[in-house]
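Engineer:
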Amino acid sequence: MFNKILIANRGEIALRIIKTCQKLGVKSVAVYSEADADAPFVSEADEAYLLGGPKVNESYLNIDRIVEVAQEANVEAIHPGYGLLSENTDFAKRIEDVGITFIGPSSEAINQMGSKLTARRTMEQAGVPIIPGTNDPIATVEEAQSFAENIGYPVMVKAAHGGGGIGMQIVYDEAELAKAFESNARRAEQFFGNGTMFIEKVIEDAHHVEIQVLADKHGHTIHLNDRECSIQRRHQKVIEEAPSPLISQSTRDEMGQAAIRAAEAIHYVNAGTIEFLVDEDENFYFLEMNTRLQVEHPITELVTGVDLVEQQLNIAYGHELSIKQSDVSLKGHAIEARIYAEDPKTFFPSPGQLTAFEPPEGEGIRNDVGVHSSYQVTPYYDPMLAKLVVYDETRDEAIAKLDQALTQYKVEGIKTNIPFLMDVARAKAFQQGDTRTSFINEFMVKQ
Numbered sequence: 030m031f032n033k034i035l036i037a038n039r040g041e042i043a044l045r046i047i048k049t050c051q052k053l054g055v056k057s058v059a060v061y062s063e064a065d066a067d068a069p070f071v072s073e074a075d076e077a078y079l080l081g082g083p084k085v086n087e088s089y090l091n092i093d094r095i096v097e098v099a100q101e102a103n104v105e106a107i108h109p110g111y112g113l114l115s116e117n118t119d120f121a122k123r124i125e126d127v128g129i130t131f132i133g134p135s136s137e138a139i140n141q142m143g144s145k146l147t148a149r150r151t152m153e154q155a156g157v158p159i160i161p162g163t164n165d166p167i168a169t170v171e172e173a174q175s176f177a178e179n180i181g182y183p184v185m186v187k188a189a190h191g192g193g194g195i196g197m198q199i200v201y202d203e204a205e206l207a208k209a210f211e212s213n214a215r216r217a218e219q220f221f222g223n224g225t226m227f228i229e230k231v232i233e234d235a236h237h238v239e240i241q242v243l244a245d246k247h248g249h250t251i252h253l254n255d256r257e258c259s260i261q262r263r264h265q266k267v268i269e270e271a272p273s274p275l276i277s278q279s280t281r282d283e284m285g286q287a288a289i290r291a292a293e294a295i296h297y298v299n300a301g302t303i304e305f306l307v308d309e310d311e312n313f314y315f316l317e318m319n320t321r322l323q324v325e326h327p328i329t330e331l332v333t334g335v336d337l338v339e340q341q342l343n344i345a346y347g348h349e350l351s352i353k354q355s356d357v358s359l360k361g362h363a364i365e366a367r368i369y370a371e372d373p374k375t376f377f378p379s380p381g382q383l384t385a386f387e388p389p390e391g392e393g394i395r396n397d398v399g400v401h402s403s404y405q406v407t408p409y410y411d412p413m414l415a416k417l418v419v420y421d422e423t424r425d426e427a428i429a430k431l432d433q434a435l436t437q438y439k440v441e442g443i444k445t446n447i448p449f450l451m452d453v454a455r456a457k458a459f460q461q462g463d464t465r466t467s468f469i470n471e472f473m474v475k476q
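Be aware that the sequence shown starts at 30, since it is given in the numbering used here, and climbs by one per residue.
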């Protein structure tokens with residue numbers, strides 16, 4: 030196993046990776062910005078190095094500085110976590126070129142899935158169902174309107190590169206399409222340096238279900254079943270659960286096999302996630318592949334008993350998978366709620382000084398936390414403070430535990446989305462498992 034790795038990330042995910050390093054006897058190196066000097070992950074790591082100023086381009090996106098620290102600290106591998114540089118082809122290639130192991134897939138695999146258009150073509154060739162749409166870039170508004178007229182509205186205008194819901198918009202008519210196409214192309218160019226756009230048919234009343242995969246360097250690929258991720262705000266997940274209450278076991282098995290085909294089609298190695306849209310008849314369609322560890326990975330860990338970060342390190346070191354597909358089973362039900370520093374009514378960020386932060390404790394409760402009671406929440410980064418993860422034998426029991434745990438959560442000094450999460454947990458539609466991607470929009474309208 031590696032002696033020392035660098036974690037090129039921050040917050041709760043950096044601390045989460047450190048915990049597995051401690052379990053395995055691997056030394057951890059944290060990198061941090063000036064704004065994160067007091068963060069828990071910095072003090073918990075074996076070593077910590079300042080990257081630069083508080084802005085992400087001065088610190089967590091500064092590839093040159095991260096590589097410099099990695100070489101100075103004499104690390105053998107780098108774990109990118111999620112977000113930031115985790116799916117950056119240039120970063121992965123740079124790490125490979127300096128002889129350090131990237132704990133994730135090859136830069137080539139990241140590049141293949143980094144373009145949604147390339148991913149669509151690759152998945153279609155691998156026999157994975159894809160959403161009706163364009164497999165080539167749409168260059169003009171007129172071309173977009175012509176294609177949309179052929180397949181019928183509503184359609185989804187999508188940026189070919191990037192993620193996080195940026196550059197995506199549902200449109201319902203020709204006039205709206207013209208405005209949406211140009212504005213989203215500009216936004217994609219601004220955020221990702223690439224304004225290439227394409228169009229997909231909207232799968233109405235869809236559910237967002239994803240499959241976790243693991244693949245080693247010896248040709249073994251398995252899936253660890255599914256996660257339901259339909260509770261979303263502006264295409265960003267808010268509450269996730271495993272397994273999905275929507276799909277049957279036969280659909281779950283079919284999706285798992287499709288996910289394996291998808292991973293094998295690009296010779297994928299390490300942990301990854303294949304995301305699907307699923308309609309009311311359980312027809313599923315490839316959405317995208319995340320070539321990294323997911324924010325919601327804890328729920329898979331709880332229902333399968335598999336430490337995904339440990340698997341990542343073992344795979345990156347060159348070990349064969351220690352588990353076979355037949356070893357993977359589902360037990361119980363897990364739900365994750367993301368705790369954000371934001372106004373629960375407007376969803377605007379709520380930075381400021383935490384004067385109290387006390388997560389709930391108890392059997393079946395897991396807290397992945399990135400802050401402490403006197404932490405200064407800054408406006409520089411994603412406002413997620415922590416993840417509350419609950420586990421119980423049944424979905425109903427897990428929902429009850431989630432509701433109780435949210436009630437016991439104590440945060441003072443800033444606003445959080447906890448009141449909103451409590452409302453969702455108590456909503457009849459959520460309790461019945463009717464959690465399509467339109468849930469929050471419909472739910473908010475009804476309040």
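From the three backbone atoms N, C-alpha and C, an ideal C-beta is built for every residue, glycine too.
Can you tell me whether E115 is buried or exposed, with buried defined as 16 or more other CB within 10 angstroms of its CB?
Structural biologist: Along the sequence shown, read from residue 1 onward, the residue named residue 115 stands at position 86. It should be pointed out that residue 115 corresponds to Ser in this sequence rather than to Glu. So S115 counts as buried.
Engineer: Just the C-alpha distance for Q476 and V231, rounded to the nearest angstrom, thanks.
Structural biologist: Position 447 of the sequence shown, counted from the first residue, corresponds to residue 476. Position 202 of the sequence shown, counted from the first residue, corresponds to residue 231. Low confidence applies to Q476: its pLDDT is 47, below 50, so where it sits in the model is not reliable enough to give any reading.
Engineer: Where does K374 sit, in a helix, a strand or coil, going by DSSP?
Structural biologist: Position 345 of the sequence shown, counting from 1, holds the residue named residue 374. Coil.
Engineer: Between which residues of its own chain and I364 is the CB-CB distance below 6 Å, once the five residues before and five after are set aside?
Structural biologist: Looking up residue 364 in the sequence shown gives position 335. Answer for I364: E270, V419, A427, L431, listed in chain order.
Engineer: What does T302 pair with, by DSSP beta-bridge criteria?
Structural biologist: Locating residue 302 in the sequence shown gives position 273, counting from the first residue. T302 is bridged to Q241, N319.
Engineer: Please report the residue range of the alpha helix (DSSP H) in which I289 lies.
Structural biologist: Taking the sequence shown and counting its residues from 1, the one referred to as residue 289 is at position 260. 278-294 is the span of the alpha helix (DSSP H), which, as asked, contains I289.
Engineer: Can you give me the C-alpha to C-alpha distance between H264 and G194, rounded to a whole angstrom?
Structural biologist: In the sequence shown, the residue the question calls residue 264 occupies position 235. In the sequence shown, the residue the question calls residue 194 occupies position 165. Looking at the two C-alpha atoms, the distance is approximately 5 Å.
Engineer: Classify Q460 as helix, strand or coil using the three-state DSSP reduction.
Structural biologist: In the sequence shown, the residue the question calls residue 460 occupies position 431. Three-state DSSP puts Q460 in a helix.
Engineer: Please state the DSSP three-state secondary structure of F468.
Structural biologist: The residue labelled residue 468 in the question sits at position 439 within the sequence shown. If DSSP states are grouped into helix, strand and coil, F468 belongs with the helices.
Engineer: Compare the C-alpha of T384 against each of A138, S402, A370 and name the closest.
Structural biologist: What you label residue 384 is simply residue 355 of the sequence shown in a count that begins at 1. Of the listed residues, the one whose Cα sits closest to T384 is S402.
Engineer: Measure how close the beta-carbons of M185 and I199 come, nearest whole angstrom, since I'm counting them as under 8 Å.
Structural biologist: Numbered from its first residue, the sequence shown carries residue 185 at position 156. Numbered from its first residue, the sequence shown carries residue 199 at position 170. Contact flag correct, Cβ pair sits at about 6 Å.
Engineer: Under a Cβ-count criterion, where at least 16 other Cβ atoms within 10 Å of its own Cβ denotes burial, should T375 be classed as buried or exposed?
Structural biologist: Translated into the one-based positions of the sequence shown, residue 375 becomes position 346. It counts as exposed.
Engineer: Take H108 as the anchor and find which of R367, V55, Q154 has the nearest alpha-carbon.
Structural biologist: As a first step, residue 108 is located in the sequence shown; it is residue number 79 there, counting from the start. Answer by Cα proximity: V55.
Engineer: How do the region 315-333 and the region 141-161 stand: do at least 3 beta-carbon pairs fall below 8 Å, yes or no?
Structural biologist: Yes: the two stretches touch, three or more of their Cβ pairs being nearer than 8 Å.
Engineer: Who pairs with F131 in a beta bridge, going by DSSP?
Structural biologist: One-based indexing of the sequence shown puts residue 131 at position 102. According to DSSP, which records beta bridges pairwise, F131 is partnered with I107.
Engineer: How far does the beta strand (DSSP E) with Y420 in it reach, from first residue to last?
Structural biologist: Numbered from its first residue, the sequence shown carries residue 420 at position 391. It spans 413-421 - the beta strand (DSSP E) in which Y420 sits, taken as one unbroken run.
Engineer: Does the distance from the CB of A189 to the CB of A294 come in under 7 Å?
Structural biologist: Position 160 of the sequence shown, counted from the first residue, corresponds to residue 189. Position 265 of the sequence shown, counted from the first residue, corresponds to residue 294. Their beta carbons are not under 7 Å apart, which means A189 does not touch A294 by this criterion.
Engineer: Taking the straight line between their C-alpha atoms, what separation do you get for G112 and Q354?
Structural biologist: The sequence position of residue 112 within the sequence shown is 83, counting from 1. The sequence position of residue 354 within the sequence shown is 325, counting from 1. Roughly 28 Å between the two C-alpha positions.
Engineer: Taking the continuous beta strand (DSSP E) assigned at G81, which residues delimit it?
Structural biologist: Taking the sequence shown and counting its residues from 1, one reaches residue 81 at position 52. That run of the beta strand (DSSP E) goes 76-81.
Engineer: Going by the beta-carbon positions, is the gap between Y240 and G196 smaller than 7 Å?
Structural biologist: In the sequence shown, the residue the question calls residue 240 occupies position 211. In the sequence shown, the residue the question calls residue 196 occupies position 167. At residue 240 the sequence reads Ile, which differs from the Tyr that was named. No, the Cβ-Cβ distance between I240 and G196 is not below 7 Å.
Engineer: Ends of the alpha helix (DSSP H) at H326?
Structural biologist: As a working note, residue 326 is residue 297 in the sequence shown. That run of the alpha helix (DSSP H) goes 326-333.
Engineer: Where L80 and E205 are concerned, what is the direct C-alpha to C-alpha distance, given to the nearest angstrom?
Structural biologist: Stepping through the sequence shown from its first residue, residue 80 is reached at position 51. Stepping through the sequence shown from its first residue, residue 205 is reached at position 176. Near 44 Å, if we compare the C-alpha coordinates of E205 and L80.
Engineer: Just to confirm the assignment, what range does the beta strand (DSSP E) spanning A366 have?
Structural biologist: Working through the sequence shown from its first residue, we reach residue 366 at position 337. That run of the beta strand (DSSP E) goes 362-369.
Engineer: How about N319 and T302: do their beta carbons lie closer than 7 Å?
Structural biologist: In the sequence shown, counting from the first residue as 1, residue 319 sits at position 290. In the sequence shown, counting from the first residue as 1, residue 302 sits at position 273. In contact: N319 and T302 (Cβ atoms closer than 7 Å).
Engineer: Ends of the beta strand (DSSP E) at T250?
Structural biologist: Stepping through the sequence shown from its first residue, residue 250 is reached at position 221. Note, T250: beta strand (DSSP E), 250-262.
Engineer: Secondary structure at V64, three-state DSSP: helix, strand or coil?
Structural biologist: Within the sequence shown, residue 64 is the residue found at index 35, counting from 1. Reading off the sequence shown, one finds Ala at residue 64, where the question assumed Val. If DSSP states are grouped into helix, strand and coil, A64 belongs with the helices.
Engineer: Quick one, are the C-beta atoms of E325 and R256 less than 7 Å apart?
Structural biologist: Here residue 325 refers to the residue found at position 296 of the sequence shown. Here residue 256 refers to the residue found at position 227 of the sequence shown. Taking 7 Å as the Cβ cut-off, E325 and R256 qualify as a contacting pair.
Engineer: Would you tell me roughly how many angstroms separate the C-alpha atoms of M30 and I344, rounded to the nearest one?
Structural biologist: Locating residue 30 in the sequence shown gives position 1, where the first residue counts as 1. Locating residue 344 in the sequence shown gives position 315, where the first residue counts as 1. Using only the alpha carbons, I get a separation of about 10 Å.
Engineer: Just curious, the beta strand (DSSP E) that V200 is in, first and last residue?
Structural biologist: On the sequence shown, position 171 is the one that residue 200 refers to. Segment 197-200, the beta strand (DSSP E) holding V200.
Engineer: What does the alpha-carbon distance come out to for the pair K360 and D282?
Structural biologist: Counted from its first residue, the sequence shown places residue 360 at position 331. Counted from its first residue, the sequence shown places residue 282 at position 253. The alpha-carbon atoms of K360 and D282 are separated by roughly 16 Å.
Engineer: Is it a yes or a no for the region 39-54 touching the region 67-77, going by three-plus beta-carbon pairs under 8 Å?
Structural biologist: Yes, since at least three Cβ pairs between the region 39-54 and the region 67-77 fall closer than 8 Å, the two stretches touch.
Engineer: In whole angstroms, what separates the C-alpha of A138 from that of Q460?
Structural biologist: Reading the sequence shown from its first residue, position 109 is the one you call residue 138. Reading the sequence shown from its first residue, position 431 is the one you call residue 460. Cα-Cα distance, rounded: 38 Å.
Engineer: Keeping to the same chain, check which residues put their C-beta closer than 6 Å to that of T225; ignore five residues upstream and five downstream.
Structural biologist: Looking up residue 225 in the sequence shown gives position 196. These residues qualify, in order along the chain: P166, A189.
Engineer: Rounded to whole angstroms, how far is the Cβ of R465 from the Cβ of S259, which I believe are closer than 8 Å?
Structural biologist: The sequence position of residue 465 within the sequence shown is 436, counting from 1. The sequence position of residue 259 within the sequence shown is 230, counting from 1. Yes, they are in contact, since the Cβ atoms of R465 and S259 sit about 5 Å apart, within 8 Å.
Engineer: Might you give, ordered along the chain, the residues of its own chain that have their beta carbon closer than 6 Å to the beta carbon of I124, omitting 5 neighbours on each side?
Structural biologist: Working through the sequence shown from its first residue, we reach residue 124 at position 95. These residues qualify, in order along the chain: I107, F131.
Engineer: Give the secondary structure of G347 by DSSP, where H, G and I count as helix, E and B as strand, and everything else as coil.
Structural biologist: Translated into the one-based positions of the sequence shown, residue 347 becomes position 318. Note: G347 maps to coil in three-state DSSP.
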